[in-house]
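In the numbering used here, the protein residues as written are 12 to 334.
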Amino acid sequence: MIVKECKVSLRIQKYEALGRRIVANHPIRPILADEYHNWMAGYKGEKSLEYHLSMLPEEKYLIFHNIRLLLGKYYFQMDYLLLCAAFGLVLEVKNRKGTYLFEKYLNQVSLKTTEKDERIKNPVLQAKLQATKLKKWLTKHNFPAFPIHYLFVNSNNRAIIRTDPGNEEILRNICNSESLVEKITHIESFEKKEMVDTKTLRKMKRPILSSDTPETFDILKHFLLSLHDILTGVQCPDCGFLSMNYKYGIWSCPNCQCHSKTAHIQAIRDYFLLIKPSITNSELREFLHVDSPRVANKILRQLNLPSEGTFKGRIYFPKAEWL
């Protein structure tokens, strides 16, 4: 059972919103594009595993994507966590092309591409560390003492994995995505003792999900930007022009003459992603370039956003499915 599905992260959504809201020649654009590309590649790699994980017996496994838990003063994050009655499995997923070389000494890993040869974090050690932390977290929260296994999963079919001579043992904890189910079946073959019954296993999903704490990411602070760097207005869904004009419930683009009744929705979502996770009537008017408080109130009511307060003091929040 996939308990927490692989979805586009809030960080990626913020990269996309910022891309819509800074001028075309802004100096941070190349860095923004590079970071966005890397995070999207990671997301696509993790997303591609859903197909392979769907081949596992649904009634046997709990499958969590991108779980971030607190242990002591620090958080640890797992790309995928699989739990069954006999064991747990942590997956560290990479989706980068090139040649991985696992060196015997110092446990270093280098990734060689046509562009460069760089040292990267050892993904096997990353997975091992997350597994160790998970075991401590489960003990701290009074869960059964599971054997916790770990794997580095390569999801890029243009990647090659090599090891130094004498370092072949590390391959036990590495696989390509197409052999993931086979690897899990192998673990099943010698982890046959069930640590919990099915009912107890099912009960574990709620505390794990409630303890999951997504990373907060202030993208303006990350790129040393201010609110003055953010372009306001409603963006045309056809040509990308900022900004559209509002009249009688219709947004009109002065650049391409596109008309839309819903173009403001993306603008309001951009506000929540970039500025802050709440908005007032006056803030909405300023961001959308709307003069009338009555019109702004109508827009907000039609969206049926969660809110608190009354009259002029009312504050609106994004829908859960928006973020």
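C-beta atoms are modelled at their ideal positions from N, C-alpha and C, and glycine is treated no differently.
Within 10 angstroms of the beta-carbon of Asp208 lie fewer than 16 other beta-carbons, which makes it exposed. In this chain, the alpha helix (DSSP H) harbouring Met51 covers 40–64. Counting C-beta pairs with one atom in each stretch, the segment 243–250 and the segment 262–281 have three or more that are closer than 8 Å, which means they touch. Excluding five sequence positions before and after Phe298, the CB atoms of its chain that fall closer than 6 Å to its own CB belong to Thr243, Tyr282, given in chain order. Arg79 is bridged by DSSP to Gln88. Annotated three-state conformation of Ile74 is strand, per DSSP.
Boundaries of the beta strand (DSSP E) around Arg173: 170–174. According to the DSSP secondary-structure assignment, Phe163 is paired through a beta bridge with Glu103, Ile185. In the three-state scheme derived from DSSP, where H, G and I count as helix and E and B as strand, Ser293 is classed as helix. By the neighbour-count criterion, in which 16 or more other beta carbons inside 10 Å mark a residue as buried, His76 falls on the buried side. With a minimum length of 3 residues, the unbroken runs of beta strand (DSSP E) contained wholly in the segment 190–259 fall at 256–258.
By the beta-carbon neighbour count (other beta carbons within 10 angstroms, threshold 16), Met12 is exposed. Proximity to Ser222 across Leu149, Asn165, Trp262, Pro155 peaks at Leu149, based on C-alpha coordinates. For the pair His270 and Ile261, the CB atoms are nearer than the 8 Å cut-off.
Across the structure, Phe87 and Glu226 are spaced so that their CA atoms are roughly 10 Å apart. With respect to the 8 Å criterion, Leu82 and Ile74 are not classified as neighbours on the basis of their beta carbons.
As the crow flies, the alpha-carbon of Leu334 is around 18 Å from that of Leu295. With respect to the 8 Å criterion, Leu238 and Ile286 are classified as neighbours on the basis of their beta carbons.
With contacts defined by Cβ atoms closer than 8 Å, Val101 and Leu112 do not form a contacting pair. Separation of Ser318 and Ser293 (C-alpha to C-alpha, rounded to the nearest whole angstrom) is 15 Å. Excluding residues up to 5 positions away in sequence, Gly260, Ile261, Trp262 lie with their Cβ nearer than 8 Å to the Cβ of Lys272 in the same chain. Contact check between the segment 133–153 and the segment 15–27: fewer than three CB pairs, one atom from each, fall below 8 Å, which does not count as touching. Assignment of beta-bridge partners to Val120 by DSSP yields Phe113, Ile131. Note on Val104: 16 or more other CB atoms within 10 angstroms of its CB, so buried under the neighbour-count rule.
Taking the Cα positions, His48 is about 27 Å away from Tyr161.
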